[in-house]
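A.B. asks: Numbering (this note's numbering), first residue to last: 420 to 981. Virtual Cβ for every residue (Gly too), placed ideally from N, Cα, C.
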């Protein structure tokens, strides 16, 4: 892994405070990977043998993004009692049958081999009797198939991937933000980016991979890192790519609500997988009323709605949540299996060995995203997508443990596809660069700081496009988001300049979520429309994917299975 490499030619710099430009440099590469989470780093590793590969990271590689924060685990079929067919069926059922079957098949068949890669590269996962990988039960799965490294699985994966990346010739550009994709006709031909000094970079690429993660930071309460702002969705949409199922936003059932310093902090599904109980203010294990068979290990959409309902019907805690209780478990089990949870909540003054955690749903994961083929090709030539940036793998609801597996299966596929693409000479229309210069120049003349707009957006989305939705509320929210998007943003520093671009992406992503939610006149998975009555189950829904692009929008019809 080399440090940022300057090639030659043109390097456009804009000082947001003095409107000053000069020409120095363009970066040329075979593959450009945008995003440095589990999917992005894996894509870069796989693309590297095929030619010059550049990885752009908005943060420090291995320090930002959601993969490193993921605690639960990695789903893989390893035991004789389990099967790829079972994993496939569980994923389809959990996804309310909105998943793309070919993508799910790739996920379940390849996840064991991709886990084996990580182990061969040095990842250390928990073992059972020192002979085989330990696997814990997660919601919506008929067998324990979630492999884990305590409750720090994502961190273990990222450290392994970053170490592997260091053995390649990938050029890493850290603290660089892509602001727009470059086009050569209909083909994506690279990107325009800003570095930490506010300098504009042109990266010309034969293939571009979007792996920027999700967009749950458009909501007021979220488990996502600061980079989960929907950048990849906005970049792809503005370039003309098609997105699917953007209304499908997963609210993780158990985000901390108290103490206030912990608000929104993910309480991993592993806590329930180890045997934690969900209890309301009446002392009842209320999941018996919502899914008596699976109880706390029901799918996330069911558990999230159950908790929200308990709170709405005045059976919640004084802080607006319910209790997640593991005090009945042996202290040694908690210390061994949930060390991060134990340590982090001790910092908040809560000893989970003795006291329950107050939890409520928190925005967590986008199931929708850029439409891809099994080879991760989007609807635009030259543009690939993987991980949470893409849609179709998880359907209408994601099972815990499938996201980390998705990063490796489709990160590898995207990297290989991009690497094998034809080498081309690109003609970049200077008007694209001039348009971005003008966009950045406008930020000198704005009236509102980006943080002011983003905070308003997050509250509006939480109130109007959250777990429970109606057409009236969605339409009102859509109009408010449109008003926010029109506010002239003001940059008073280099950091503000990047934030202005990010807030524009957040507003666009929010509008895509709302448009998808209005198109889908049914309740399905993570999307619940209180104002729609339906007489079909998800498996027999007449609706397929919602789709959104610059060319139009709609919802697909599908043949209903008998």
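1. What is the residue span of the alpha helix (DSSP H) that residue 893 lies within?
2. Return the residue from the list 853, 618, 557, 665 that minimises the CA-CA distance to residue 788.
3. One question on the structure: do residue 924 and residue 648 come within less than 7 Å of each other, judged by their Cβ atoms?
4. Quick one: grab the DSSP three-state call for residue 442.
5. For the beta strand (DSSP E) containing residue 772, name the first residue and the last one.
6. Quick check: the Cα distance between residue 593 and residue 479, rounded to an integer number of angstroms?
7. Classify residue 546: buried if its beta carbon has 16 or more other beta carbons within 10 angstroms, exposed otherwise.
8. Where DSSP assigns a beta bridge to residue 448, which residues make up the other side?
9. Could you check which residue in 493, 775, 859 has the C-alpha nearest to that of residue 822?
10. Buried or exposed for residue 948, going by 16 or more other Cβ atoms inside 10 Å?
11. Out of 727, 774, 802, point me to the one whose CA is closest to residue 887's CA.
12. Using only CA atoms, which one of 771, 767, 746 lies nearest to residue 758?
13. Is DSSP giving residue 457 helix, strand or coil here?
14. Report the residue from 637, 885, 847, 946 whose alpha carbon sits nearest the alpha carbon of residue 622.
15. When the distance is taken between beta carbons, is residue 448 closer than 7 Å to residue 585?
16. Does the separation of the CB atoms of residue 804 and residue 933 fall below 7 Å?
17. Report the rounded CA-to-CA distance for residue 982 versus residue 559, giving the unit in angstroms.
18. Return the chain-ordered list of same chain residues with a C-beta closer than 6 Å to the C-beta of residue 458, the five sequence neighbours on each side being excluded.
19. The alpha helix (DSSP H) that contains residue 507, what's its start and end?
20. Restricting to Cα atoms, I'd like to know which of 699, 596, 473 is closest to residue 587.
21. If you measure between the beta carbons of residue 725 and residue 709, is that distance less than 7 Å?
22. Can you name the start and end residues of the beta strand (DSSP E) that residue 829 belongs to?
23. Can you check DSSP and say which residues form a bridge with residue 698?
24. Look up residue 973 in the DSSP assignment and give the residues it is bridged to.
25. Go ahead and label residue 786 buried or exposed: buried means 16 or more other beta carbons lie within 10 angstroms of its beta carbon, across all protein chains shown.
26. Can you confirm whether the segment 591–605 touches the segment 640–658 when touching is taken to mean that 3 or more C-beta pairs between the two stretches lie within less than 8 Å?
27. Check the DSSP bridge columns for residue 887 and list the partner residues they point to.
28. Is residue 878 helix, strand or coil by DSSP?
29. Of all the options 485, 716, 903, 669, which has the alpha carbon lying nearest to the alpha carbon of residue 688?
30. Take residue 714 and list the residues in its own chain whose beta-carbon comes closer than 6 Å to its own, dropping the five residues that flank it on each side.
31. Excluding the five sequence neighbours on either side, which residues of its own chain have a C-beta within less than 8 Å of the C-beta of residue 897, listed in chain order?
32. So the alpha helix (DSSP H) residue 534 belongs to, where does it begin and stop?
33. Out of curiosity, what's the CA-to-CA distance linking residue 542 and residue 833?
34. What are the start and end residues of each continuous beta strand (DSSP E) run of 3 or more residues lying completely inside the segment 601–652, in chain order?
35. Work out the CA separation of residue 906 and residue 861 for me, nearest whole Å.
36. Terminal residues of the continuous alpha helix (DSSP H) containing residue 928?
C.D. replies: So, to answer that:
1. 890–904
2. 665
3. yes
4. No answer about residue 442 holds up, because its pLDDT of 42 lies below 50 and its placement is not dependable.
5. According to the DSSP assignment, residue 772 belongs to no beta strand (DSSP E), since it is labelled neither H nor E.
6. 6 Å
7. exposed
8. 624
9. Residue 822 has its Cα closest to that of 493, out of 493, 775, 859.
10. buried
11. Of the listed residues, the one whose Cα sits closest to residue 887 is 727.
12. 771
13. helix
14. The candidate whose alpha carbon is nearest that of residue 622 is 847.
15. Result no, Cβ atoms of residue 585 and residue 448 do not sit closer than 7 Å.
16. no
17. One cannot answer for residue 982 here, as it falls past the ends of the chain, which runs 420 to 981.
18. Apart from the 5 residues on each side of it in sequence, residue 458 sits with its Cβ closer than 6 Å to the Cβ of 630, 805, 806, 826, 830 in its chain, given in chain order.
19. 503–513
20. 473
21. yes
22. Here residue 829 belongs to no beta strand (DSSP E); instead the alpha helix (DSSP H) covers 821–838.
23. Under the DSSP definition of a beta bridge, residue 698 partners with 742.
24. Beta-bridge pairing links residue 973 to 966.
25. Per the 10 Å Cβ criterion, buried.
26. yes
27. Its beta-bridge partners are 947.
28. helix
29. 716
30. Correct list, in chain order: 706.
31. 930, 933, 934, 937
32. Per DSSP, residue 534 is one residue of the alpha helix (DSSP H) stretching across 520–539.
33. 22 Å
34. 606–613, 619–629
35. 12 Å
36. 913–938
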